[in-house]
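Asks: Whatever position you read off the sequence shown (first residue = 1), add 12 for this note's numbering.
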Amino acid sequence: MDRQRRVYQPSEDSPSCRRPEFEWLAIFNCKIHHPAATLRRCVGLDCLIFQLLYAEEMTESFFDFLVDENYIFVRVGIDRDVEKLYDEYDLEVENTVDLRRLASKRMSRRKLRNAGLVYSANEVLGMGHEKPKNITLSKWDKPWLSHKLVQYACIDGYLSYKIGRSLL
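(1) Could you spell out where the alpha helix (DSSP H) holding L97 opens and where it closes?
(2) Just mark W152 as buried or exposed, buried being the case when its beta carbon has 16 or more other beta carbons within 10 Å.
(3) Return helix, strand or coil for V136, following the three-state DSSP convention.
(4) Name the residue from H141, R118, H46 and N107 whose alpha carbon lies nearest to the alpha carbon of Y164.
(5) With DSSP as the reference, identify every bridge partner of I175, one or two as the case may be.
(6) Report the partner residues of T108 according to the DSSP bridge assignment.
(7) Would DSSP call M119 helix, strand or coil?
(8) Find out if the Cβ-Cβ distance for the pair L78, L103 is shorter than 8 Å.
(9) Between L65 and the rest of its own chain, which residues show a CB-CB distance below 6 Å, the 5 nearest in sequence each way excluded?
(10) Let me know if Y173 comes out buried or exposed under the rule of 16 or more other beta-carbons within 10 Å of its beta-carbon.
(11) Do you know how far the Cα of N107 is from the Cα of Y83?
(12) For the alpha helix (DSSP H) holding E72, just list the boundary residues, first then last.
(13) Shortest alpha-carbon distance to F85 belongs to which of L51, R118, E100 and Q63?
(14) Apply the 10 Å Cβ neighbour rule to G56 and answer buried if 16 or more other Cβ atoms are within range, or exposed otherwise.
(15) Within this structure, are the beta carbons of L129 and D168 separated by less than 8 Å?
(16) With C-beta atoms as the reference, is L179 less than 8 Å away from L114?
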């Protein structure tokens with residue numbers, strides 16, 4: 013964490029755009045609770061997948077990073093994920109921006125307020141992206157993530173990062 017903080021330390025006039033994403037099993041049965049399993053963050057082409065479920069402890073620098081005002085955390089639907097992280101891990105994430113609201117405002121297109129990542133990437137960046145259900149609904153709580161899950165996580169993270177950078 014500290015190494016990456018040094019590498020991506022933002023300048024005073026340009027905060028760094030970071031994108032956290034959290035994955036858990038899709039909830040098809042309301043009686044079963046699925047905790048956030050991974051936290052992913054991407055800056056440019058660098059992505060980190062942190063498996064929350066298997067972390068024995070979290071360092072002070074990790075907590076500090078999530079509330080550092082020098083970083084902007086962007087994602088489609090970030091508010092729900094931030095709430096889930098707080099409820100399950102007592103993790104606070106500050107300085108967040110929902111890409112749907114940002115895109116809608118910057119592009120003056122109300123329809124983007126309810127858009128998902130795929131539609132947003134197409135409209136904002138002109139880039140297509142597929143979200144195969146067999147990947148999105150995979151078991152993100154496994155100790156070892158498959159190559160396809162890691163690849164999906166990185167592409168998904170990169171798109172959010174690019175949307176955030178282009179709109180902020």
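C-beta: ideal position from N, C-alpha, C; glycine also.
Replies: Let's see:
(1) If you number the sequence shown from 1, residue 97 lands on position 85. Per DSSP, L97 belongs to the alpha helix (DSSP H) from I90 to Y101.
(2) Indexing the sequence shown from 1 puts residue 152 at position 140. Label assigned to W152: buried.
(3) The residue labelled residue 136 in the question sits at position 124 within the sequence shown. V136: helix per DSSP, three-state reduction.
(4) The residue given as residue 164 occupies position 152 in the sequence shown. Ranking H141, R118, H46 and N107 by Cα distance to Y164 puts H141 first.
(5) Counting from 1 along the sequence shown, the entry for residue 175 is found at position 163. Answer is none; I175 lacks a bridge partner.
(6) Counted from its first residue, the sequence shown places residue 108 at position 96. F85, per the DSSP bridge assignment.
(7) One-based indexing of the sequence shown puts residue 119 at position 107. The answer is helix: DSSP assigns M119 an H, G or I state.
(8) Position 66 of the sequence shown holds residue 78. Position 91 of the sequence shown holds residue 103. Yes, these two residues count as a Cβ contact at 8 Å.
(9) On the sequence shown, residue 65 is found 53 positions in, with the first residue counted as 1. A49 and D153, listed in sequence order.
(10) By one-based count along the sequence shown, residue 173 stands at place 161. Buried is the call here.
(11) To locate residue 83, count along the sequence shown from 1; it is residue 71. To locate residue 107, count along the sequence shown from 1; it is residue 95. Going from the Cα of Y83 to the Cα of N107 covers about 7 Å.
(12) Here the question's residue 72 lines up with position 60 in the sequence shown. Here the alpha helix (DSSP H) through E72 covers E72 to V79.
(13) Along the sequence shown, one-based indexing puts residue 85 at 73. Comparing Cα positions, the closest option is L51.
(14) The sequence position of residue 56 within the sequence shown is 44, counting from 1. Exposed is the call here.
(15) Sequence index remark: in the sequence shown, residue 129 carries index 117 (1-based). Sequence index remark: in the sequence shown, residue 168 carries index 156 (1-based). In contact: L129 and D168 (Cβ atoms closer than 8 Å).
(16) As a position in the sequence shown, residue 179 is number 167, starting the count at 1. As a position in the sequence shown, residue 114 is number 102, starting the count at 1. Their beta carbons are under 8 Å apart, which means L179 touches L114 by this criterion.
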